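A short write-up of the structure that comes next.
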Amino acid sequence: MGISIAKRILTYVLVLFGLSILIFVIARVMPGDVARMALGPRTPEATVEALREEMHLRDPIYTQYFYWLGDIFKGDFGVSIISKRPVLDDIRIYLPATMELVLLSAVFTAFFGIVLGVLSAKYSGKWPDAIIRIFSYFGVVAPAFFWAVLVMLLFAYLIPILPSSGRIGPGLTEPAHVTGMYILDYLLAGNTAGAFDALKHILMPAVVLSFGGISQAARITRTSMTENMMKPYASAERAYGIPENKILFKYLLRPSLNSTISVMALDIAGAFAGAFLVEQIFNYPGLSRYCLQAMLNKDVFAVSAVVMVFGVIFIVMNFVTDIIISVLDPRVRLAARGEA
Amino acid sequence: MNGTPHAGEGAAALPRKKRFENVRRAWYKFSLSKLSVAGLVIICAVIFVAVFQKWLSPYPEHVGAVVNFAEASAPPSFSHPLGTDTIGRDILSRILFAFRGALTMGVGVLAVVVPIGGVLGLVAGYWNNRGVSTFIMRLADVFLALPALILVLCVSSIMEPSLRNAMLAVCVCWWPYYTRMLFGIVVSIRNETYVRSAEILGAGYAHILFREILPNCLAPVFTKMTLDMGWAILLGATLSFVGMGEQAPTPSLGAMVADGINYLPDQWWMSVFPASAIMMIVLGFNLAGDGVKDMLSNVE
Amino acid sequence: MKANADPRYAVEVKDLFVSFRTFKGYAKVLNGVSLHVRRGEKISIVGETGCGKTTTVNAIAQILASQARIDGGEILFRGVDELKMGKKELRDLRSGGISMIFQDPIASLNPVFTIGAQLREVIRYSGADGANNKEARRRMAMNALAETSLPDPERIMENYPFQLSGGMRQRICIAMALATPRDLIIADEPTTNLDVTIQDQVLKTIRGRVEDKGSALILITHSLGVAREVADRIYVMYAGNMIESAPADRIFKKSLHPYTQALMDCIPKLSGGGIAGGIAGRVPNYFSPPPGCRFEPRCRHASAICREKMPGMSEVEEDHSVACFLYRDGR
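Chains W, V and G supply the protein sequences, listed in that same order. So the first sequence is numbered by my numbering: it starts at 1 and just counts up by one. So the second sequence is numbered by my numbering: it starts at 1001 and just counts up by one. So the third sequence is numbered by my numbering: it starts at 2001 and just counts up by one.
As structure tokens, this is what we get:
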């Protein structure tokens, strides 16, 4: 198993390296005159020239790339053009907010996705299945901004119980920075009212963000469950008199979880992408919104750094998913052991 | 067990009759689910509207930079079934026109992405474990490392916003999905007897790849294409939602939603209707995609 | 309900009609199948692929696929009609009464649980004595494996199905089916997917274990040779109907139905004569079956009446029944 993990890590490092080239090409080479673009047309030529010098823009492309990569390794992501702060500082502020949002929506996705999927398979062809399937259809096909509009209309305006933007109410002060996730930080500080307020703020965007994931997870769980239901072992288990619910939640769910988890990992990765829109709509100050603003303002330093951070997050997530699957599925686990 | 119903025809049947029979069976499988049929109806309706919008929309001139303050921000009414926007343009007319852009997006992206991604996948799968294959697949992995939306936003942010560039950005990021898919299928069938025998008989690579292997990969590709029409349109709408797609005054669904959100909740029709239109198109392709999957599966 | 049940029978199927929903409409797969298995008796159902053998036994075990529809008939198990049972009774039926050995040993074991876990679970719901005790369950599982002459049961208990060979897996399925006493064991082509060299061993294991436990057995096969080796009595099935039933030896000595005779001719004989010509024609249409005998188009003895009426089973000798007008009085 050790060797196969090492192999996998190597692949991921390779992919990360490739990704860094891709991002460099997209954000730094394709735009043309990066320095002029970054500083805008009204900046004096001398200032632009200084920046060109600083960014090594006069050097050949590959030298520029290695300067850029070297800087990243040193923790120097450059200075954001909009916020005028080092990009790394911005990431420190905004990343935890997005993480908090995505984690919460991942919890929703995992729980409701699996439960709805199993129920749907259990009542396959009957009305609970129909309702769940219709819901999951709409969850899959409706864009995040559709749900955002709908949920906002419902819970912020028609029945105004939830705030429509921000992370905390105006009367509150930010919690002391520990994890950067407000709910957690408030709880650590013993401020339950603050935690509750932060939860109220995050609830709508997190729910909206999880709709797609819940739907996908429910659909894939249903599909693989019904597929497994047709396997002879399901008939065998039924023929042996094992209770139906036990067959469902134990003997059919376990072999089905494989595909559910892989899809769920993609969904959670997708939630980071969905956050680009959801954070924007709910005015939630997270990294995705920051990145979108940077893109719209052609802030190349911020874009390339933040996208690189996302890349690292996704690759780590892939890795964790692989490990979870191999722990849950003996076929994968023992096959890996055989290889070592 | 219950697979015998067609015994007794098969060999003796005429080829033409057989083909008709296949079409009939395909349609039977597709139409087994009423939802698939509903999806097909939605798609046909959207195409019909996109083609004939000039004659169908109540105010065809409202697709341009028309200003009509007398009727600005009017709620749905008889003369404007879906209301008007802030400068008095009929939202229904604009939605109908925007279907064109949406369909162009879907068709254009697939027309580029499927052949390119597909051929790369075929090649990588057939020459698996060689340098070409490793190169193609690692390259695909790099593109697949980020969710499509982030990469698409990244690429389109460096270009001038327009429908054409939005399509281009989506194309740049989407080919690996087809490459990976075909790679997987080809690897699993490349050692089948029919491929081997074609090789032994000395068939050329083009013949083996396109006549022996490709036809056996098509079922999942068609299914994916139907679904992806919906996703490409959704991505296009998302791009125009953040301002990286079709530019004003040409209507696009995403941009209409984005504009409308600012007028929530009072002028809800400005965002809700275009958003519903996007959802309907994607829903149509999704429902139909499930039907295509049923149709091409071997299960009775 | 109990009044018309014969206490000597482990299971009795009366006039069972089953159809499957397909794209052309309902395919009538079983057309009035009747059969009985006495307590402790070993019977075999022989027939071509698609003649309804599996459907018959799946109906008995109540695990028919969802597109199947039971159109009529009775299945009496322990004297009670299964088709009228509630959920609770069905579970009792399954747990103590019937167990199955399937065709594909790879697919009939759950891939992500160890053999031991699956075996223990089956024993747990078998209603056998001591099934509530964890340690007893373990012992019974080990016993069951040892009884099917599997080497090193300790280790096998910890293994996953994919780590074992096909023959071992089929033995495990047998062990599972017979771990606790059952009234009826159904084996659906248990050797079809196995290597020729181990088919015989597996059959012997099944026969031996069934005899030890005194269960009744229904063995499905398309090979008369296999049926003869295992069964006391053989049913021959054709296109959704039973067409002949007789004790195993008798059917080999003196088969009556033209189809059975044709099947006999298909068995290659060591004494020479080469490979037989097979049976002309194909299995008939299931969707709108003609009124007459289903074998009529392929039968060399066919006459006018065969096209008009379906012959029912009638006993020509003790325990030997046949569905053919050739053996009717006054023909």
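Quick reminder that beta carbons are idealized off the backbone N, C-alpha and C, glycines included. None of these values were measured; they are calculated from a predicted model.
- Around the CB of HIS201/W, 16 or more other CB atoms lie within 10 Å, so the residue is classed as buried.
- The alpha-carbon separation between ALA1111/V and ILE1189/V amounts to approximately 25 Å.
- CA-CA distance, ASP2200/G to MET2242/G, rounds to 27 Å.
- Classified as exposed, SER2066/G has fewer than 16 neighbouring CB atoms from the shown chains inside 10 Å of its CB.
- Put simply, the segment 227 to 246 of chain W does not touch the segment 132 to 146 of chain W. Fewer than three CB pairs are less than 8 Å apart.
- Counting only runs of 4 or more residues that sit fully inside the segment 2161 to 2226 of chain G, the alpha helix (DSSP H) segments are 2166 to 2177 and 2196 to 2213, in chain order.
- Cβ contact annotation for GLY2240/G (same chain, cutoff 6 Å, sequence separation greater than five): VAL2029, LEU2030, ASN2031 and GLY2052, in chain order.
- In this structure, DSSP gives LEU2145/G a helical state, which the three-state scheme calls helix.
- Taking a beta-carbon distance threshold of 9 Å, ILE168/W does not count as an interface residue toward chain V.
- Where ASP89/W is concerned, the enclosing alpha helix (DSSP H) starts and stops at 87 to 122.
- Residues of chain W with a Cβ closer than 7 Å to the Cβ of GLY1243/V are, in chain order, LEU296.
- Within the segment 2139 to 2166 of chain G, TYR2160, PHE2162 and GLN2163 place their CB atoms closer than 8 Å to a CB of chain W, listed in sequence order.
- Between ILE2186/G and VAL2057/G, the beta carbon gap of about 5 Å places them in contact (Cβ cut-off 8 Å).
- Residue environment: ASP329/W is assigned as buried (16 or more neighbouring CB atoms within 10 Å of its CB, all protein chains considered).
- Around the Cβ of TRP147/W, a 10 Å sphere holds 16 or more other Cβ atoms; the residue is buried.
- In the DSSP assignment, ARG2233/G falls outside any alpha helix (DSSP H) and lies within the beta strand (DSSP E) extending over 2233 to 2238.
- Sequence-ordered contacts of the segment 245 to 267 of chain W with chain G read TYR251, ARG254 and PRO255 [C-beta pairs closer than 7 Å].
- Residue contact with chain G for ASP322/W: absent (no Cβ-Cβ distance below 9 Å to any residue of chain G).
- The CB of LEU334/W comes closer than 9 Å to the CB of TYR2160, PHE2162 and GLN2163 in chain G, given here in chain order.
- Under the Cβ distance rule, ASP1141/V counts among the residues neighbouring chain W, one pair being separated by less than 9 Å.
- Within the same chain, and ignoring the five residues on either side of ILE114/W in sequence, the residues whose Cβ sits closer than 7 Å to its Cβ are ALA217, THR221 and THR260.
- Boundaries of the alpha helix (DSSP H) around PHE73/W: 61 to 73.
- A straight line joining the alpha-carbon of ALA2248/G with that of SER2108/G spans about 29 Å.
- By the Cβ neighbour-count rule, TRP1174/V is buried, with 16 or more other Cβ atoms within 10 Å of its own.
- Linking LEU2256/G to LYS122/W through their CA atoms gives a straight-line distance of about 48 Å.
- Annotated as distal: VAL207/W and PHE314/W, with beta-carbon spacing of 9 Å or more.
- Within 10 angstroms of the beta-carbon of THR179/W lie fewer than 16 other beta-carbons, which makes it exposed.
- When DSSP states are grouped into helix, strand and coil, GLU2048/G belongs to the coil group.
- For HIS201/W, no beta strand (DSSP E) encloses it; the enclosing alpha helix (DSSP H) starts and ends at 192 to 229.
- Using a CB distance below 8 Å, the part of the segment 1123 to 1149 of chain V facing chain W consists of ARG1138, LEU1139, ASP1141, VAL1142, PHE1143, ALA1145, LEU1146, PRO1147, ALA1148 and LEU1149, ordered along the chain.
- Taking the Cβ atoms as the reference, LEU1163/V lies roughly 7 Å from THR1104/V, within the contact range of under 8 Å.
- For ILE315/W, a Cβ of chain V is located within less than 9 Å of the residue's own Cβ.
- Residues of the segment 269 to 283 of chain W with a C-beta atom less than 8 Å from some C-beta of chain V are ALA269, GLY270, PHE272, ALA273, GLY274, PHE276, LEU277, GLN280 and ILE281, listed in chain order.
- GLU1192/V carries a coil assignment under DSSP once its states are collapsed to helix, strand and coil.
- Here ARG36/W has VAL48 as same chain residues with Cβ atoms under 7 Å from its own Cβ, once five neighbours each way along the sequence are excluded.
- Interface with chain V (9 Å Cβ-Cβ cutoff): ALA239/W is excluded.
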